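In UniProt numbering, the protein residues as written are 1 to 863.
All C-beta atoms, glycine included, are put in the ideal place defined by N, C-alpha and C.
Everything numeric in this text was worked out from a predicted model, so none of it was measured.
The structure appears right after this line, and notes come after that.
Have a look at this one:
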């Protein structure tokens, strides 16, 4: 009998020509299907019906152990397995029973071989299912979920043909309900499903149980597999063991947070342990600071490793195993250069078949430093999934190691080290990202080649974020270009940067749990991470007040002889969490945007004839005078009717009636310098339209506002950013507010204490001192709580002299004696005694509770 060409053979099984051609592209699948079809033809002849061909294709595409192919093909060819359900059961049985011989009696029982399901049994099972749901079926008619009926019938008749069950359900439902009406043909309105409670999805149900490694797809079994698994279970006691194995050549980023969560979380969920193992096999790129930073970040996220280990701990054992691999004929010393090994189809090594003894001698010579870097490597004899042939196991590097010094001049590669270190530590689940799937075959091959315990490798999709770059090499380019300051610049998504930005570790863990673990690569929007941050900070960050663009307000009828102490709830939504105290005096500062001389329709804050409330004080202020500054003391050439002008030094005070237009001094010489207002109790009149935040006797600070570092979602995509990621930098990613004011409740804040500044953002003190030796920096952690559109990340500088003024230390939370560097908290550049503007000083001279300290009577300066 002449052999058919593969395309004709596959179409003869019932595959379409397109499907057959696609199958031929998969070398492993086409070889297994060709073998299955050839064996089936020995029993069935040249012609194979489509139903049998479908089963053979399913067998070839799903069978992971080629040793079982002939066994299962014989059952299909002899019609003992004739349904998809039976085939699935057979594949599951051989997967869970990898050892020979197979108990055919048990196998046939598990697969329903010889079980005959009659049409009468199917009819009875479907009738019983319909009777159980008859009332609901009569009401919902054809909108009822028919899959429920088929599922119950299948459960009663496991080995029945699914098509026959479906046909019987259709017939009996038609008999009960009759033909479909127009109402039945209408689409059923969708009912919103109750959202399930958020759960931690770091564990994956698809991961095999400890000791059942052989059930993993692609897991290779040998005559020693079950004995090794038995020894492993005795050593571990059935305990789940995972590991987080970072390379100490850079700082961890948000993608690593998912890996940390999954490895530590899976172990914790299964009462197991997790190792923190440093893959320190490339001494050229490793630095001590990265080891410390990685340990710090793992601890910051709340995880404690069972042990901190290093690949270098096992260098002696790895070397001994490399020699054993050579003795077994599975490795050789090669002299091809690195450039010769690059590309998709590198030339085969001419030294692949060199004698074992020769490779052993040369490998020893490599260890003794008799080869220059690149002159010799040790390569393993295997072909990986991606077609890479004979990956390198050892290479020569004359770089001292941070732990072993110059003991070694050859170092193992990741492909060689990773699986063997997992075996040494008896890791049960080697959890890694999807890009390592191409190395799964080498992982299993190497353990089996040395007859050592072989863990399970399970891949999951990486976590990426839009508008972000996390590559170590590219972050170094950003630092070198001056686009960011360092690895912990808050515009980056490294974990150190996120910590400085104020992101709580609980929020990052919650974000990773919400993303979950899937095989598909996940790219998320940054605002989803920020939402998790806000959820945590809403409950944990006490409130305070800050003003970015201060505008001084003088209360001319302040109701007390001195400043009042105001009790402010730290958490307005839950006052049981406590209060903090801030001063309220006759001079306060509000946001410049909270005042407008000519408000547009809908504006609800301070304006002529429109009072506003001051939050937490119980007082409402109403505008009386507007103070403007200009460069000279010359008066305007014309003065509107009803307007009085008074001059003090370089300050013009415009006193306008509510129905008159105020004087408009253009440019910097005509900006509003301060306001004079009167106050009343909030309950003594009409309720104002709005309440605004304010500060009194504040601390001066520097706040940095951050936007996204990149302008496009995918800055590394050449199609989206042809000029490269460095050309996509956002020029407005950093804005500095140098003279912002904050209330003194934050004066004693420590690094990483978090505050939610009302109507602004969340900030935290930072340990860094950029911009000057006396500055302690605060960073805004995420978009403001009330206005999420602002995604800036400001940070706050507090001058240490202001926290401990020359005149005496800060007394209590009210900071009433605080004077900073001789100023009262006014923005820098404001002239006048004690750092106030002249108008403020004069107003204070006549205001209750404020000493003039050299100020002049305002009344004596009126024109």
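- According to the DSSP assignment, residue 292 belongs to the alpha helix (DSSP H) that extends over 288–300.
- Under the three-state reduction of DSSP, residue 274 is assigned to strand.
- About 6 Å separates the Cβ atoms of residue 677 and residue 555, confirming a contact at the 8 Å cut-off.
- CA-to-CA, the gap between residue 533 and residue 539 works out to about 10 Å.
- Here the region 489–505 makes contact with the region 234–253; the two share three or more CB pairs at distances below 8 Å.
- Residue 629 and residue 675 have their C-alpha atoms spaced approximately 12 Å apart.
- Of 38, 747, 247 and 267, the smallest CA-CA separation from residue 288 is found for 247.
- Minimum Cα-Cα distance from residue 220 among the listed residues 136, 97, 233 and 137 corresponds to 97.
- DSSP places residue 749 outside both helix and strand once states are collapsed to three, so it counts as coil.
- Looking from the CA of residue 315, the closest CA among 337, 56, 411 and 255 belongs to 411.
- Taken through DSSP and simplified to helix, strand or coil, residue 409 comes out as coil.
- Nearest C-alpha to residue 591 among 599, 426 and 605: 605.
- With 16 or more other Cβ atoms from the protein chains shown falling within 10 Å of its own Cβ, residue 59 counts as buried.
- Residue state for residue 516 is assigned as coil, using DSSP reduced to three classes.
- In the DSSP annotation of this structure, residue 715 is not part of any alpha helix (DSSP H), being labelled neither H nor E.
- Taken in chain order, the unbroken stretches of alpha helix (DSSP H) that lie wholly in the region 103–173 and span 4 residues or more are 104–111, 119–132, 134–140 and 146–156.
- Exclusion of the five residues before and after residue 525 leaves 466 as the residues of its chain whose Cβ lies within less than 6 Å of its Cβ.
- Distance from the CA of residue 426 to the CA of residue 746, rounded to the nearest whole angstrom, comes to 50 Å.
- Here the C-alpha atom of residue 449 lies approximately 31 Å from the C-alpha atom of residue 402.
- In this structure, the CA atom of residue 725 is about 46 Å from the CA atom of residue 15.
- Taken in chain order, the whole beta strand (DSSP E) runs of length 3 or more contained in the region 559–642 are 564–569, 579–584, 587–591, 612–614 and 619–629.
- Residue 762 is not a Cβ neighbour of residue 338, given a cutoff of 8 Å.
- Residue 756 is bridged by DSSP to 543 and 762.
- Per DSSP, residue 444 is one residue of the alpha helix (DSSP H) stretching across 440–449.
- When DSSP states are grouped into helix, strand and coil, residue 260 belongs to the helix group.
- When DSSP states are grouped into helix, strand and coil, residue 419 belongs to the helix group.
- Taking a contact to require three or more Cβ pairs closer than 8 Å, the region 611–624 and the region 678–687 qualify as touching.
- Three or more beta-carbon pairs separated by less than 8 Å are not found between the region 78–94 and the region 127–139, which leaves the two stretches without contact.
- Following the DSSP letters along the chain, one finds residue 310 inside the beta strand (DSSP E) bounded by residues 308–310.
- Close CB contacts of residue 340 within its chain, under the 7 Å cut and outside five residues either way in sequence, are with 346 and 347 (chain order).
- Under DSSP, the beta-bridge partners assigned to residue 740 are 701.
- Distance between residue 729 and residue 711, taken at the CA atoms: about 6 Å.
- Your pair residue 439 and residue 384 checks out as a contact, with CB atoms roughly 7 Å apart and the cut at 8 Å.
- Between residue 209 and the set 741, 229 and 162, the nearest pair of CA atoms involves 229.
- By a beta-carbon distance limit of 8 Å, residue 262 contacts residue 517. Their separation comes to about 6 Å.
- In this structure the region 117–130 lies against the region 162–180, because at least three pairs of beta carbons, one per stretch, are closer than 8 Å.
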